[in-house]
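To start, the structure itself, in structure tokens.
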């Protein structure tokens, strides 16, 4: 587990990360979302032991990261602009990484290269931006490190590639408990990958939740009540986060599990009733609106 | 399991990033160096072919071989700066390039996130930076030696000196390399690193230049004896100092090895500490550590301002010691440069022109420091000009009289016949204990200057004859204090004080005794490759002396010197010179060295011995050897000329046949009157008053003045011995007031 406790970091008097505390559990895909300048990269660079926090504690599986080779063997960090040696090719990178990550999966590395259509002899500086990101991900996965820290790595990857990576993540999670930590400014990019999401804003954590928990605890319902009494009774019984009414059609975002909500609706007469699936974006909008933030401005622009 | 493997992989990977550096280094050492070797060998052969024609095939070839070896030894033996500069440049490039990953955020993210120890990464890059020089230079030097061997121009000495110099230059490389690495650690981008490296290399020089020049500008008693602006804390200059000392037979190999090693180790330790402490976010910024930004800014702005003040002082002619000019412009320049440097550095720190006037307090502090330093010098806040060391705090002292052109033979050697600089020799060997007398001289000098306000006032006094001499006080705390003392040799009290100092056994021992002891030693152990000869001469005639005569004369000289008084000797004419000549075979060249001692008529023991041997002459030239004497009167008082122009052809002492210009040939100059005397009586009279031109300067050691209006050329009879040994003619002067009346009349300007 990656434990981040009350961590802060300033650059030239500007707080990039302010008193952040997050726990990243093993065997989950942790999404770290936030606007540009929210402190995602700084947080990841601190986790990777590149930056030294001004305050707070940081541990990976109980080990302090800074200048600790043992702790660093537990993760692979892919920066927003991944670096590859000048004039090197994928094979050169494999040789180097094999020397520093003792359990580097060489065979898998070359097999992934083939699967992703990357030429191992081609110079990396001739790769496209997306190809470099793919190679960085392959390097990270094959390092056999437990945690994979990805800074904006998925931004710009095409859906097929994202799906490919997602399936690799799934198999590696199952096989060896890989824990990817993915930072992105785009909520939609993480929606289909993450299990757990932490929202960073202005250097602090707005919320950190399990995506399933969030999905289970919030329901979206569209209905037309038979009478205004039915409507008043249902609304009184439900924990409503949001209610949009167009004509007689009510669209309700309601806190609570599905069974409880269905039970409440069974006690009132409805002309039309439908439980709708919630997107991650909608969950975030609802959750953050409750605490006074306009998520559309924060994440979705 | 991985450590060993990862080290070599890291080393290999790091080398891949440095391919161009390897190519550059290989080109310099594997291509250029052997090529230069071949060119030296080839050009020596081509340029010295005449030696074969002159001395024949065997002797000529051997001479060329020796000459080639001498030149190769010069380049590879470390005397030449070529290899030194090449190594220093390579060190700086290698240092900056090796750690340049620290300038880029994405590289730092990669390197610092991978499980490699910081120390291991540093070691890898550091080691590669050495290998990139070591391997090509080692191979290149070896290849060059092979080329020498192939051309039969190699010797054990060349091999020894080459590898010795190689080792020392390697240490210089390490020192420079670590300085460049330290510069990288302190900065965040390559441009600032280059500036930083420049500052490291030039800072001490700048500080020394400022201190030396400001002391010279403001302190009337400042002595620049042994003062140099060459840095001590720079590997290149450490090496150059050693080479200079080695030439004088003084440099210690162990000391220089220790110095260079310690310097390199200290800078490496500092660089490594900075590396460990360097924050990753420093990449791309000007300075890696924010805390040192103001320190560096002030540390640069202050000397820059003082240097500007110095420069402007020179331009506007501000010279406070002489009371010339005003401090207005220099002060203005200092203010401007303080502001400009502070502002520019702030812009560099922030990479933003809008930062120009940020941190104004830095400007204020810099300005205050500059003002304080300037006031320390200009107002002598520390009391430099009036400081007289307390006699009980001084363990001993050395007094160095001014050097004069006429001081023939005032040079010194050690037992190995290596030349030693006069000042250095006297300073090292003179241990005067009468500090009170020296202090009285210093106090008189201080009082005189206070009275006259400035040097113009001092020298305007026509009743005084001012000279300056240097005194080095050795303080009990191993510190030395140097002072330049103004002495008026027209002041009887000063002369008495000087008599006391210069008549002391410590002074005589330093100026004569120790050197004569060294000469005894050389005479006793006369090495095989050395040829010693002894002579007594008076500037025109020279007689060889036997070893026994020389030994006796040196003993006599010591006795006479002990009896002599400075104030009396300077009223005398030097009548002769005792010469100690050494010829030493040194490869292609024959090295000649000479030590001379002046003999005065008051040196009773010497004169008696010389008379006994029939060598002492009252007159400088025997009239029997003279064919004619030409006297030229320049009549300077009439033509009011400021400089004396002489035709060197008229008195060249090297010509074997005299070239005589008739008196009419000088008619073009209306003031210059020439007259030639060939009458025996006139020759005899003129001859008795002549003094060889080469000994003609009057100064600190001689109060005898010469008639500078007159130049006399003595033409020897072609059949005379002196004509063959000395040359066809000799240039001479009259002593002041000793020009025969008829000569004055004959050569007076008619207009």
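Protein chains in written order, with the numbering used here: chain D, 188 to 488; chain U, -18 to 732. The C-beta atom is built at its ideal place from N, Cα and C for all residues, glycine as well. Quick caveat, the model's predicted, so the values are computed rather than measured.
Cβ-Cβ separation, residue j to residue i (assumed contact under 8 Å), whole Å
| i | j | result |
| --- | --- | --- |
| residue 380 of chain U | residue 419 of chain U | 7 Å |
| residue 607 of chain U | residue 698 of chain U | 7 Å |
| residue 450 of chain U | residue 466 of chain U | 6 Å |
| residue 481 of chain U | residue 415 of chain U | 7 Å |
| residue 500 of chain U | residue 576 of chain U | 7 Å |
| residue -8 of chain U | residue 122 of chain U | Not quite, the Cβ-Cβ distance comes to about 23 Å (not below 8 Å), so this is no contact. |
| residue 265 of chain D | residue 337 of chain D | 5 Å |
| residue 432 of chain D | residue 406 of chain D | Residue 432 of chain D to residue 406 of chain D, Cβ: 17 Å. No contact. |
| residue 59 of chain U | residue 150 of chain U | 7 Å |
| residue 407 of chain U | residue 492 of chain U | 7 Å |
| residue 340 of chain D | residue 323 of chain D | 7 Å |
| residue 408 of chain D | residue 459 of chain D | Not really, about 11 Å apart at Cβ, beyond 8 Å. |
| residue 136 of chain U | residue 50 of chain U | 6 Å |
Per-residue contacts from residue i into chain U (C-beta, under 7 Å)
| i | result |
| --- | --- |
| residue 237 of chain D | 89, 90, 93, 94, 261 |
| residue 363 of chain D | Going along chain U, no residue has its Cβ under 7 Å from residue 363 of chain D, so there is no contact; the nearest lies around 17 Å. |
| residue 264 of chain D | 90, 94 |
Within-8 Å CB hit, residue i to chain U
| i | result |
| --- | --- |
| residue 213 of chain D | no |
| residue 250 of chain D | no |
| residue 268 of chain D | yes |
| residue 260 of chain D | yes |
| residue 232 of chain D | yes |
| residue 488 of chain D | A caution first: residue 488 of chain D carries a pLDDT of 42, below 50, which makes its placement in the model unreliable, though a value can still be read off. So, not an interface residue. |
For residue j and residue i, the rounded distance between their alpha carbons
| i | j | result |
| --- | --- | --- |
| residue 275 of chain U | residue 182 of chain U | 20 Å |
| residue 168 of chain U | residue 88 of chain U | 16 Å |
| residue 109 of chain U | residue 364 of chain D | 39 Å |
| residue 651 of chain U | residue 726 of chain U | 16 Å |
| residue 65 of chain U | residue 315 of chain U | 36 Å |
| residue 521 of chain U | residue 594 of chain U | 18 Å |
| residue 444 of chain U | residue 681 of chain U | 16 Å |
| residue 712 of chain U | residue 660 of chain U | 19 Å |
| residue 486 of chain U | residue 24 of chain U | 55 Å |
| residue 191 of chain U | residue 287 of chain U | 7 Å |
| residue 19 of chain U | residue 341 of chain U | 60 Å |
| residue 226 of chain U | residue 148 of chain U | 18 Å |
| residue 688 of chain U | residue 541 of chain U | 30 Å |
| residue 75 of chain U | residue 488 of chain U | 53 Å |
| residue 174 of chain U | residue 454 of chain U | 43 Å |
Cutoff 6 Å; reference residue i; Cβ partners in own chain excluding five residues on either side
| i | result |
| --- | --- |
| residue 382 of chain D | 215, 216, 398 |
| residue 297 of chain D | none |
| residue 310 of chain U | 293, 297 |
Amino acids of chain D, ordered along the chain, whose beta-carbon sits closer than 8 Å to that of residue i
| i | result |
| --- | --- |
| residue 98 of chain U | 254, 256 |
Cβ neighbours of residue i in the same chain (closer than 7 Å, five flanking residues each side left out)
| i | result |
| --- | --- |
| residue 637 of chain U | Here the model assigns residue 637 of chain U a pLDDT of 41, short of 50, so the residue's position is not dependable, and the following value carries that caveat. Cβ neighbours of residue 637 of chain U beyond the five flanking positions: 708, 709. |
| residue 701 of chain U | 606 |
| residue 156 of chain U | 216, 241, 244, 245, 248 |
Cβ shell of residue i (< 8 Å), same chain only, five flanking positions each side left out
| i | result |
| --- | --- |
| residue 344 of chain D | 317, 320, 321, 352 |
| residue 571 of chain U | 564, 565 |
| residue 339 of chain U | 327, 331 |
| residue 207 of chain D | 191, 193, 194, 195, 226, 230, 243, 387, 390, 391, 392 |
| residue 261 of chain D | 247, 248, 250, 332, 333, 334 |
| residue 531 of chain U | 504, 515, 559, 561 |
| residue 272 of chain U | none |
| residue 281 of chain U | 180, 322, 326 |
Chain D contact for residue i (CB, 8 Å cutoff)
| i | result |
| --- | --- |
| residue 403 of chain U | no |
9 Å Cβ cut-off: residues of chain D touching residue i
| i | result |
| --- | --- |
| residue -3 of chain U | 272, 273, 274, 275, 279 |
Interface residues of chain U facing residue i [CB-CB closer than 9 Å]
| i | result |
| --- | --- |
| residue 283 of chain D | -13, -10, -9, -7, -6, 95 |
| residue 198 of chain D | 262 |
CB contact below 8 Å: residue i versus chain C
| i | result |
| --- | --- |
| residue 233 of chain D | Included in the structure are the protein chains D and U, with no chain C among them. |
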